[in-house]
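Shown next, in structure tokens, is the structure this report addresses.
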Amino acid sequence: MRALENYRKAFEMYARSLPPYHPDITKMENSIERLSPNDGTAAKSDDSQEKPAESAAANDTDNIETFTIVWLDANVNTTEDNTETYHALRTIVNYIRTYDAVQPCEEYVTRVSRASLILIVSGGFGREIVPRIHDLEQVNSVYVYCADKKRNERWAKDYAKVRSVIVERAELIEKVSDDQKIRALMEDAAVPVSILSRTAITTARRSSAAHAKH
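Residue 20 in the UniProt record's numbering sits at position 20 of the sequence shown; the count goes up by one each step and never skips.
The following block contains the structure:
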């Protein structure tokens, strides 16, 4: 099945950029296993064809809440650069919550259950909050957006969900955008392969093109 093959290629490209044991790897492996044909699953296929359509409809109506960017930075709402960054991120994920203090941010992260959270955090706040929220299921990924990359890489390397430590805005936008394509693909893994194929093929092609440039 060509769509499944493209999905595997996209998974392999994404997995190479992840640290070992990142939870996304397990999720994608499980998705591939569900989509792969094997003996003894014919009886289940009839039932599974109805449920994905239901899930797809639910994802369409809840799309805004499926992924949420949580941005924690003392100056998140005060600089022109951060305002421009905010608008750029909105083109990737529609729903963004901003916080300039750790406590209200942590309270939101710990109580939310429906959304899959993408945390963008400054270096100082990251050192404080990441150890406490890292293992929560709703926390999907963390991006440390800071001024001192080397310093923050020293603590960030201990947390598998930290995708990158980033200094430049353009790099942050590019990284979040590329990763979000794969996250969306994973969310869609429950739908039939015929629906999945369009996203899988596009993702695989874009990933291949990106690798070819380097």
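We put the beta carbon where it would ideally sit given N, CA and C, even for glycine.
Contact check, residue i vs residue j under 8 Å by CB: the rounded distance?
i, j, result
"Val-165", "Ile-92", "No, Val-165 and Ile-92 are not in contact; Cβ-Cβ is about 19 Å, not under 8 Å."
"Thr-98", "Val-112", "The pair is not a contact, with the Cβ atoms about 15 Å apart (cut-off 8 Å)."
With DSSP as the reference, please indicate the residues paired to residue i in a beta bridge.
i, result
"Ser-164", "Tyr-143"
"Ser-116", "Phe-67"
"Thr-98", "Trp-71"
"Val-121", "Leu-72 and Val-144"
By alpha-carbon positions, which one of the options ends up nearest to residue i?
i, options, result
"Asp-81", "Cys-146, Val-112 and Met-186", "Cys-146"
"Val-142", "Val-109, Met-186, Glu-84 and Asn-94", "Val-109"
"Phe-125", "Ile-182, Ala-74 and Ala-184", "Ala-74"
"Pro-131", "Arg-114, Ala-115 and Lys-161", "Lys-161"
"Ala-115", "Leu-172, Thr-66, Glu-171 and Ala-184", "Thr-66"
"Glu-171", "Thr-68, Lys-157 and Ala-88", "Ala-88"
"Val-121", "Tyr-86, Leu-136 and Trp-71", "Trp-71"
"Val-167", "Ile-118, Val-139 and Asp-148", "Asp-148"
"Glu-137", "Lys-157, Glu-174, Ile-118 and Ala-101", "Ile-118"
"Arg-127", "Arg-151, Glu-174, Asn-140 and Leu-185", "Arg-151"
"Ile-96", "Val-112, Thr-68, Val-144 and Arg-163", "Thr-68"
"Tyr-86", "Val-144, Arg-169 and His-134", "Arg-169"
"Asp-158", "Asp-135, Ala-101, Val-102 and Arg-183", "Asp-135"
"Ile-173", "Ala-101, Val-144, Leu-185 and Met-186", "Val-144"
"Asp-179", "Asn-140, Glu-153 and Ala-156", "Asn-140"
"Gly-123", "Arg-154, Thr-79 and Pro-104", "Arg-154"
Where does residue i fall in DSSP's three states?
i, result
"residue 235", "It is not possible to answer for residue 235, since the shown part of the chain is limited to 1 through 214."
"Val-109", "helix"
"Thr-85", "helix"
"Asp-62", "Confidence at Asp-62 is low in this model, with a pLDDT of 37, below 50, so the placement of that residue should be treated as unreliable; the coordinate-derived value is given next. In this structure, Asp-62 counts as coil in the three-state DSSP scheme."
"Ile-92", "coil"
"Asn-152", "helix"
"Asp-179", "helix"
"Gln-103", "helix"
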